[in-house]
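*Asks:* In UniProt numbering, the protein residues as written are 1 to 263.
Ideal Cβ positions, reconstructed from N, Cα and C, are used throughout, including at glycine.
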């Protein structure tokens, strides 16, 4: 039996409001070994969610971005059921006072994502999904739509810093879309694509906790995603995965064709 999604969402919302919002733009940060930032809010949120999950569902193992890599790899090898948490995605935004960050949590069972949520505490937006049952935003169904936009007028969200050099140059010198954005929070970008906020997405290398929840939310909303190699994005492993997304099938096909021709 899967955990109760309503109970889970209520607790995550409360933790975010108690641990993240009061610290927004009021706490310092430190730099982790990989160059990313870590704040007191990351650690406090991680601790509260871990404690809640272990009390409520002690039979399910727990993996977090804040763990050591060897422990993350062990959990992926040994666990049939596993939570995967990013306690605060968009930490650089958070530390800089930019209101674009979120909690993201996914449940893996037998190597598949079966339950997912992404919570944006600034907007009080809870994106959620259950395998085979749909995706929702604050309880209302999410459904990807045809945009009616041609590729040349589309709005793209692109993270340039992790892209292959040749593709990066092509996008900067001869971009196929109308305009480009970057939120600085992978989990929000997945959720916003599922909510038809933007037309195209590209990322050169996401980590497991950046993509796990989003893959299910987008899929259950009827969106389209793959890697730059045309593979399924989700893989229960630690290696970064590239991401290509559109909520619109025609745009997705045109976008992927352009990317393949310019890699």
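Classify residue 185 as helix, strand or coil using the three-state DSSP reduction.
*Replies:* Residue 185 falls in the coil class under three-state DSSP.
*Asks:* Cα separation between residue 127 and residue 175?
*Replies:* Going from the Cα of residue 127 to the Cα of residue 175 covers about 30 Å.
*Asks:* May I ask you to verify whether the stretch 69-80 touches the stretch 88-95, counting CB pairs closer than 8 Å and requiring at least 3?
*Replies:* In short, these stretches do not touch, since the Cβ pair count stays below three.
*Asks:* Please name the residue in 86, 230, 194, 55 whose C-alpha comes closest to that of residue 39.
*Replies:* The shortest C-alpha separation from residue 39 is found at 86.
*Asks:* I'd like to know if the stretch 227-240 and the stretch 131-151 are in contact, where contact means that at least 3 CB-CB pairs between them fall below 8 Å.
*Replies:* Contact between the stretch 227-240 and the stretch 131-151 is absent, because fewer than three Cβ pairs lie under 8 Å.
*Asks:* Taking the continuous beta strand (DSSP E) assigned at residue 136, which residues delimit it?
*Replies:* Where residue 136 is concerned, the enclosing beta strand (DSSP E) stretches over 134-137.
*Asks:* Verify whether the separation of the beta carbon atoms of residue 223 and residue 159 is less than 9 Å.
*Replies:* For residue 223 and residue 159, no; Cβs fall outside 9 Å.
*Asks:* Need the endpoints of the beta strand (DSSP E) that residue 224 sits in, please.
*Replies:* Element bounds for residue 224: 224-226.
*Asks:* Under 7 Å Cβ to Cβ from residue 48, same chain only, skipping five residues before and after it: list those, please.
*Replies:* Taken in chain order, the residues that qualify are 15, 19.
*Asks:* Once you ignore the five residues that flank residue 42 on each side, which residues in its own chain have a CB closer than 7 Å to its CB?
*Replies:* Taken in chain order, the residues that qualify are 66, 87, 88, 91.
*Asks:* Tell me whether residue 257 is buried or exposed, calling it buried when 16 or more other Cβ atoms sit within 10 Å of its Cβ.
*Replies:* Looking at its Cβ environment, which holds fewer than 16 other Cβ atoms inside 10 Å, residue 257 is exposed.
*Asks:* According to DSSP, which residues form a beta bridge with residue 116?
*Replies:* 106, 129.
*Asks:* On the three-state DSSP scale, how would you describe residue 145?
*Replies:* It is coil, neither helix nor strand.
*Asks:* Would the beta-carbon of residue 260 fall within 9 Å of that of residue 228?
*Replies:* Taking 9 Å as the Cβ cut-off, residue 260 and residue 228 qualify as a contacting pair.
*Asks:* Is the beta carbon of residue 211 sitting closer than 9 Å to the one on residue 241?
*Replies:* It is a contact, given that the beta carbons lie within the stated cut-off.
*Asks:* Are there 16 or more other CB atoms within 10 angstroms of the CB of residue 59, so buried, or fewer, so exposed?
*Replies:* Flag for residue 59 reads exposed.
*Asks:* Thinking residue 115 and residue 130 are a contact (beta carbons under 8 Å), I'd like their distance in whole angstroms, please.
*Replies:* Indeed they touch by this definition, with Cβ atoms about 5 Å apart.
*Asks:* For residue 237, does the three-state DSSP call read helix, strand or coil?
*Replies:* It is coil, neither helix nor strand.
*Asks:* Would you identify the three-state DSSP class for residue 214, choosing helix, strand or coil?
*Replies:* Helix, per DSSP.
*Asks:* Applying the criterion that 16 or more other CB atoms from any shown protein chain within 10 Å of the CB defines a buried residue, is residue 7 buried or exposed?
*Replies:* It counts as exposed.
*Asks:* Nearest to residue 214 by CA position, among 112, 1, 153, 124, is which residue?
*Replies:* It is 112 whose Cα lies nearest to the Cα of residue 214.
*Asks:* For residue 206, which three-state DSSP category applies?
*Replies:* Correct three-state label for residue 206: strand.
*Asks:* Let me check one thing: in DSSP terms, what residues is residue 62 bridge-paired to?
*Replies:* DSSP lists 83 as partners of residue 62.
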